[in-house]
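Residue numbers (our numbering): 1 to 288. Structure first, commentary second.
Shown next, in the form of structure tokens:
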């Protein structure tokens, strides 16, 4: 599990909770295709020393944009949401859904959530999926009997926290949200005017987030680290000092080196044999 040693003398905590010694945080994501790019998110995880995350789907993904940080994060895969959630709960993790950035949603008492149909990006055909998002309108008739969403400054965490993260900047697919015990969002000021999409349609300023999903996760992890009293890593030059990654176990590395050496020797022997056949091995039996 991803963990760090917490500092018990954290004066920035807004909650009167014991976060000593063993606070843990991890993520749960979906990875239905091996070419799905999770590189930027893995970079965020590495920055906050998250060594393992849970994945529904493949344990292999595109890491474009991770800049090598993906080597520090292990993907633990499960075939279904239920199996992943069961394992997390066995380890006493609380599942908190990340609903992205929400305009003017600063109230510490929390907000109801609602469902809406949103298009699935990059789908072969025009498809939609049901998404859970924060409702800031008390008269909203689509509000659901689900846990509330709290702004990140409320720090609604516990010792073992798992952030459930989707690919959207706003909202979380219902199939993931239905496993969450509560939700968290990043409040921000509303856009001054609607944004225009490439197809000419406009976005409601209230439903437009200033932040990417990765930015929201980073801000939430920062709040968790402060809440838990994690120590910041030291610098080495202009980069954080991290452990050197050695791919595979030592015995596997030795086996790979021996295999490469054997193949190189075989290739050299083949080249030598070809040269002898071409020039007759030096006994005037060649073609020239």
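Cβ coordinates follow ideal geometry from the N, Cα and C atoms, glycine included. Nothing here was measured: the structure is a model prediction, and the numbers come from that model.
inquiry  = As a quick exercise: from 154, 36, 136, 216, pick the residue whose alpha carbon is nearest that of residue 227.
reply    = If you number the chain shown from 1, residue 227 lands on position 227. Cα-wise, what sits closest to residue 227 is 154.
Per-residue burial, residue 316 [other beta carbons within 10 Å of its own, 16 or more giving buried] = Lying outside 1 to 288, the shown extent of the chain, residue 316 is not represented and no answer is given.
ask   = Going along the chain, which residues of its own chain have a beta-carbon closer than 6 Å to the beta-carbon of residue 251, five neighbours each way excluded?
value = In the chain shown, counting from the first residue as 1, residue 251 sits at position 251. Only weak support is given to the placement of residue 251: the predicted model assigns it a pLDDT of 49, under 50, and the value that follows is read from those uncertain coordinates. Within the same chain, residue 251 has no close Cβ partners at all.
query = What first and last residue would you give for the beta strand (DSSP E) that runs through residue 114?
reply = Stepping through the chain shown from its first residue, residue 114 is reached at position 114. Looking at the DSSP string, the run of the beta strand (DSSP E) that includes residue 114 is 113-119.
ask   = Three or more beta-carbon pairs under 8 Å between the segment 74-87 and the segment 103-122, yes or no?
value = no
ask   = Does the segment 212-228 come close enough to the segment 126-140 that 3 or more CB-CB pairs lie under 8 Å?
value = no
request  = Grab me the residues of residue 120's own chain with a C-beta within less than 8 Å of its C-beta, minus the 5 sequence neighbours each way, in chain order.
outcome  = On the chain shown, position 120 is the one that residue 120 refers to. So the qualifying residues of the chain are 127, 128, 129.
key: Best match in 93, 25, 275, 132 for proximity to residue 115 [C-alpha to C-alpha]   = Stepping through the chain shown from its first residue, residue 115 is reached at position 115. For residue 115, the closest C-alpha among the options 93, 25, 275, 132 is that of 132.
inquiry  = What does the alpha-carbon distance come out to for the pair residue 274 and residue 267?
reply    = Taking the chain shown and counting its residues from 1, the one referred to as residue 274 is at position 274. Taking the chain shown and counting its residues from 1, the one referred to as residue 267 is at position 267. C-alpha separation (whole angstroms): 11 Å.
Proximity to residue 176 [Cα-Cα], best of 190, 98, 48 = Residue numbering aside, residue 176 sits at position 176 when the chain shown is read from its first letter. Selected option, being the one with the closest Cα: 98.
ask   = Are the Cβ atoms of residue 36 and residue 52 separated by less than 8 Å?
value = Looking up residue 36 in the chain shown gives position 36. Looking up residue 52 in the chain shown gives position 52. Against a cut-off of 8 Å, the Cβ pair of residue 52 and residue 36 comes out as no contact.
query = Span of the alpha helix (DSSP H) holding residue 167?
reply = Residue mapping note: residue 167 aligns to position 167 of the chain shown, counting from 1. Note, residue 167: premise wrong, no alpha helix (DSSP H); not H, not E.
task = Return the Cβ separation of residue 44 and residue 218 in integer angstroms, given the expectation that the two are a contact with Cβ distance under 8 Å.
result = Here residue 44 refers to the residue found at position 44 when the chain shown is read from its first residue. Here residue 218 refers to the residue found at position 218 when the chain shown is read from its first residue. A Cβ-Cβ distance of about 5 Å is found for the pair residue 44 and residue 218, placing them in contact under the 8 Å criterion.
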